[in-house]
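Chains as they are written, first to last, in this note's numbering: chain C, 1 to 540; chain L, 1 to 402.
Where is the CB? At the ideal position from N, CA and C, for every residue including glycine.
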């Protein structure tokens with residue numbers, strides 16, 4: 001016991017001491033922790049902006065801010081949540097923490113590149129924050145930067161676009177690193193068929209990051225050219241085309257939603273077998289469906305544009321492809337549920353978050369069907385239904401998966417356990433508040449309330465009020481969850497190697513893991529990631 | 001949602017009900033199965049799993065194929081119903097909708113414009129959509145139709161309402177500060193009401209000036225024309241200030257057309273004869289009283305009075321009220337109430353100055369709105385190059401009365 005409380009693994013072991021030991025670190029776990037700190041900070045900032053948006057919408061007319069502030073608020077909320085929270089959240093934070101350990105490696109292939117990628121993220125983040133307080137004021141274009149509005153507004157769009165460009169660089173570098181690491185650094189016996197599902201999803205995600213992110217880089221540079229030099233690329237009067245911009249933007253930004261959700265699916269695929277003590281149902285279907293989602297998801301971008309004036313033939317093709325993407329997602333949901341069958345199920349906090357993920361993701365995914373079908377999308381497009389749908393998938397899915405990952409893995413990396421009862425209370429409030437907020441938002445969208453509305457007609461009042469009240473419940477849940485984690489992970493009871501009884505490699509090494517993860521000997525793998533026979537959970 | 005039984009709403013609702021219905025069943029199935037399994041196989045009852053299966057090919061094949069079939073029906077049903085939104089029935093009544101920050105303007109085939117969309121009941125309506133500035137989107141929830149307004153590109157929607165009534169039109173593509181205020185309505189009128197509305201013109205009913213009535217009364221227009229079409233007498237179209245050659249007492253000379261000349265020509269036409277016309281006009285002598293004569297001369301000299309334009313209608317139809325309130329409430333632009341007596345603080349090329357609101361200022365403010373911007377408001381008003389001087393004058397006249 002006394003030995004355990006003094007052992008701090010990678011938190012203490014480092015070639016450099018003090019702050020430089022962190023700022024110049026090439027240890028994947030330290031970089032993962034740096035990312036996690038930044039990402040949670042960004043999430044809290046953007047969540048506060050989100051609460052402000054909901055508060056403004058509690059009733060028609062002005063409540064707490066004027067229209068320009070409101071427009072800037074939802075723009076900044078979107079930019080931070082997407083580019084600084086969701087895209088790097090699981091891949092950059094938990095991917096860095098776990099990918100090398102999961103495949104039995106001592107670090108990623110390019111540790112210095114990994115640190116550079118974090119610095120790109122920091123530069124992008126600083127630029128984004130600067131754009132709020134400098135120049136013509138915070139950008140007011142929405143996170144989509146649609147032309148011609150984004151080329152005309154006087155606000156600080158160019159700087160914000162450049163910030164997103166830098167964040168894209170960070171994402172590409174992480175992607176290259178992960179692809180190489182998975183190919184080159186698997187330990188002895190770690191065949192492709194023995195990779196944990198989390199690694200498969202990170203691998204699929206990394207390919208999207210490498211292949212799709214350059215598109216958004218180019219597109220954002222074109223916006224800057226258009227604003228600075230009046231290039232005329234998107235101006236019909238000068239031979240350009242505003243719809244071209246939308247294609248360029250979504251060629252990245254649709255695959256980007258799979259960057260945000262795929263690693264989350266990987267997390268869920270780790271947690272459900274562990275808390276059922278049973279192999280994941282349909283390993284290969286789960287692995288290949290991740291690649292299928294990454295591939296097919298790259299071909300559906302124009303389903304954001306059915307009402308844009310694009311040709312009907314294009315709508316036919318993109319609607320068809322969109323429904324094809326639904327199939328691998330459905331397979332995943334069925335396989336998760338089947339894993340529970342004849343298992344031994346423990347409703348620990350990570351499992352509760354994982355089950356909530358399945359429910360939220362199912363609603364988000366099924367709502368997506370109505371948006372993928374041409375006729376129904378015409379009514380629902382650009383209403384708050386889309387906003388609700390997006391939050392169901394990204395927050396109810398991606399966000400809940402991150403919370404699940406935090407509850408599942410952070411005890412591993414801090415060596416301490418949080419309070420389970422508080423975690424369940426936080427989870428319950430979050431789950432209920434979440435569903436009230438976004439279900440009401442979807443309903444008012446079906447009634448016809450357009451998105452990005454500062455003010456609305458009286459008919460929409462009740463549902464907006466309900467949604468705002470839901471957001472407060474959610475906020476209380478978030479506060480309890482973060483406070484409990486913060487307190488527990490610093491002061492909680494120490495845990496051993498394997499508090500949950502997991503079968504992947506990280507549960508074989510001490511908590512927190514030492515520098516270079518494995519002792520003198522490289523690990524040798526002789527079984528699949530979900531063989532729980534003989535695995536015993538440590539008491540804590 | 002609106003239970004309106006119109007063709008476009010039905011096409012969309014069919015698909016919505018099908019997809020939401022199937023989705024609800026699937027969600028229910030997944031949720032019930034999950035809860036059942038979690039409760040049944042809880043660890044307190046089953047400390048160890050009772051199966052270590054890695055999968056089941058048949059089951060997985062079933063739940064790959066089944067969702068494939070389901071989503072393909074959704075795709076096809078969605079597509080075929082979408083076609084119903086695109087195929088406009090023959091003989092549709094056509095209206096042009098132009099979006100700009102932050103109002104819609106509708107233009108009809110007879111040249112009439114309006115800020116609300118007036119349409120006849122029961123007829124298919126095709127709305128051709130365009131934008132003058134940024135992206136907007138034309139959205140009528142009651143008819144489930146939506147299409148972006150893209151500058152430089154024409155798009156369209158169609159709908160048909162079986163009932164009269166008023167239905168909201170929203171802009172659903174974010175377009176800046178006044179996005180949420182870019183609301184108007186489509187007014188579905190009965191056939192008769194619509195005909196009446198459609199026939200009204202923006203021009204006020206012209207009142208025939210008394211001078212012209214007198215010309216008719218005295219038979220002048222039997223020989224004289226206003227457009228030079230008569231060969232037996234002079235034309236009345238441009239008289240003031242022109243010079244003409246006349247024969248006066250056998251002497252050819254040039255005179256300027258003024259009141260004095262006209263008076264003489266009416267009282268005693270034979271005295272001065274215009275070259276090229278026969279001396280056939282009767283002398284009116286005392287047949288016209290002095291007051292009437294003045295009226296006629298005034299009318300002839302100052303030409304036919306322009307029929308007056310309705311400034312209020314122009315203000316409404318040009319979408320000014322999208323940003324400027326008339327009831328003193330605050331909005332995106334300065335309110336119009338009490339504009340006449342107001343002193344405005346404006347910024348011109350970076351300099352702040354106080355201006356009294358007068359006709360000259362308002363004319364500038366409409367023509368070149370961002371030259372002088374009122375303090376506390378953004379410089380975002382579109383310029384109004386399509387308005388004629390007369391139209392602006394008519395608007396200014398009304399604005400000063402607000």
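For the stretch 59 to 93 of chain C, the residues whose beta carbon sits under 8 Å from a beta carbon of chain L are, in order, 67, 68 and 71.
For chain C, the residues of the stretch 373 to 389 of chain L that bring a beta carbon within less than 8 Å of one of its beta carbons are 378, in chain order. For residue 338/L, the closest of 369/L, 346/L and 325/L by C-alpha to C-alpha distance is 325/L. At a cut-off of 8 Å between beta-carbon atoms, residue 146/L makes contact with chain C.
DSSP, read as helix, strand or coil, puts residue 136/L in strand. Between residue 98/L and chain C, the shortest Cβ-Cβ separation is not below 8 Å.
As computed with DSSP, residue 166/L is found in a beta bridge with 187/L.
The C-beta of residue 81/L comes closer than 8 Å to at least one C-beta of chain C. Under the three-state reduction of DSSP, residue 99/L is assigned to strand. Look at the beta carbons and you see the stretch 91 to 106 of chain C touching the stretch 509 to 518 of chain C: at least three pairs across the two are nearer than 8 Å. Along the length of the stretch 210 to 263 of chain L, whole beta strand (DSSP E) runs at least 3 residues long occupy 243 to 248 and 251 to 256, reported in chain order. Within the same chain, 407, 420, 423, 424 and 427 come within 7 Å of residue 349/C by CB-CB distance, once the 5 residues on both sides are set aside.
Per DSSP, the continuous alpha helix (DSSP H) segment holding residue 203/C begins and ends at 197 to 229. When rounded, the separation of the alpha-carbon atoms in residue 182/C and residue 504/C is 16 Å. Residues of the stretch 317 to 341 of chain L with a Cβ closer than 7 Å to any Cβ of chain C: none.
In this chain, the alpha helix (DSSP H) harbouring residue 323/C covers 312 to 340. Secondary structure note for residue 40/L: its alpha helix (DSSP H) is the uninterrupted segment 7 to 40. The beta carbons of residue 156/L and residue 123/L sit no closer together than 8 Å. Pairwise C-beta distances place the stretch 29 to 44 of chain C in contact with the stretch 89 to 96 of chain C, as three or more of them are shorter than 8 Å. Within its own chain, the residues whose Cβ lies closer than 6 Å to the Cβ of residue 184/C, once the five positions on either side in sequence are excluded, are 109, listed in chain order.
The Cβ-Cβ distance between residue 489/C and residue 418/C falls below 8 Å. In the structure shown, residue 493/C falls within a strand segment according to DSSP collapsed to helix, strand and coil. Less than 8 Å divides the Cβ of residue 263/C from the Cβ of residue 201/C. For residue 118/L, the three-state secondary structure derived from DSSP is strand. The C-beta separation of residue 536/C from residue 501/C comes to about 7 Å, placing the pair in contact by the 8 Å criterion. In the three-state DSSP reduction, residue 351/L falls in the strand class (E or B). If you check each beta-carbon in the stretch 374 to 392 of chain C against every beta-carbon of chain L, the ones closer than 7 Å belong to 374, 375, 376, 378, 379, 381, 382 and 383.
The three-state reading of DSSP puts residue 182/L in coil, since its state is none of H, G, I, E or B. By the neighbour-count criterion, in which a residue is buried when 16 or more other Cβ atoms sit within 10 angstroms of its Cβ, residue 174/L is buried.
Distance from the CA atom of residue 183/L to the CA atom of residue 117/L, rounded to whole angstroms, is 11 Å.
DSSP, reduced to helix, strand and coil, places residue 147/L within a strand of the structure shown.
Residue pairing by DSSP places residue 110/C in no beta bridge whatsoever.
Under the three-state reduction of DSSP output, residue 45/L falls in the coil class, being neither helix nor strand. When 9 Å is used as the limit between beta carbons, residue 348/L is near no residue of chain C, the shortest such separation being about 18 Å. Nearest neighbour of residue 204/C by Cα position, chosen from 474/C, 538/C, 175/C and 367/C, turns out to be 175/C.
By the Cβ neighbour-count rule, residue 145/L is buried, with 16 or more other Cβ atoms within 10 Å of its own.
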